[in-house]
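First comes the structure, then the notes that go with it.
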Amino acid sequence: MSEAGEGEGGRKRRSGRPPAASPERAALLSRVRRTRTAAEEEVARRLRALGLHYRRNVRALPGSPDFANRRRGWAIFVNGCFWHHHTACVRAAVPKNNRDFWVEKFAANRRRDAEKIRRLRRLGFTVLVIWECRLDRCDDRLARLAERIGGTASTRGSR
Ligand SMILES: [Zn+2]
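Each residue of the sequence shown is one higher than the last, beginning at 3 in our numbering.
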């Protein structure tokens, strides 16, 4: 008999497919975000070119920085403009659907970002945030970081 258990034909899939910008989809997307982005790969390439040694997704540090060197005392976050709600950036538009949800979500993301940077700085880390839309302008900042931490073991703790 065709009593087929799970009802493959799409009968009652929980509550139907979520619309494009629903909270469920946001949760899904933020999980997807855990994989490496093109922007991160680009930063990795530049760090290697500068001879900076790093680890990725350093969970032992506040906010799990995308790149960090604990011994040298630096950490880098590569921020997607949308998720981290880059101020005045065209890529950071608030979706029209579920607007309240997104406004609250972005505010929470920004609070969390600020907090993890504060905590890292308190630990004496030099922290850089590189925005996805400014990738091609980050060379100077990375070079300065390399200069600062490159030669001598400790230029930190100077405040
Ligand atoms: Zn941006």
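Where is the CB? At the ideal position from N, CA and C, for every residue including glycine.
Neighbour-count burial assignment, residue i, 16 or more Cβ in a 10 Å radius
i, result
"Arg-139", "exposed"
"Glu-43", "exposed"
"Glu-134", "buried"
"Arg-74", "buried"
"His-87", "buried"
Cβ separation of residue i and residue j, assumed to be a contact under 8 Å, to the nearest whole Å
i, j, result
"Val-45", "Phe-69", "7 Å"
"Phe-127", "Ala-77", "5 Å"
"Val-105", "Val-92", "About 17 Å separates the two Cβ atoms, so there is no contact after all."
"Leu-52", "Ala-116", "Leu-52 to Ala-116, Cβ: 27 Å. No contact."
"Ile-132", "Val-60", "No, Ile-132 and Val-60 are not in contact; Cβ-Cβ is about 16 Å, not under 8 Å."
Which of helix, strand or coil DSSP assigns to residue i
i, result
"Arg-50", "helix"
"Arg-38", "coil"
"Leu-147", "helix"
"Gly-153", "Note on Gly-153: pLDDT 45, under 50, position unreliable in the model; the coordinate value appears next. In this structure, Gly-153 counts as coil in the three-state DSSP scheme."
Distance cut-off 7 Å: residue i Cβ against heavy atoms of ligand 1
i, result
"Lys-133", "Reading off the sequence, residue 133 comes out as Trp, not Lys. The answer is yes for Trp-133."
"Ala-116", "no"
"His-87", "no"
"Arg-38", "no"
"Arg-143", "no"
"Arg-93", "yes"
"Cys-140", "no"
Would you mind listing the beta strand (DSSP E) stretches within the region 57–134 that are 3+ residues and don't spill past its ends, in chain order?
-> For the region 57–134, whole beta strand (DSSP E) runs of length 3 or above, ordered along the chain, are 69–71, 76–81 and 128–133.
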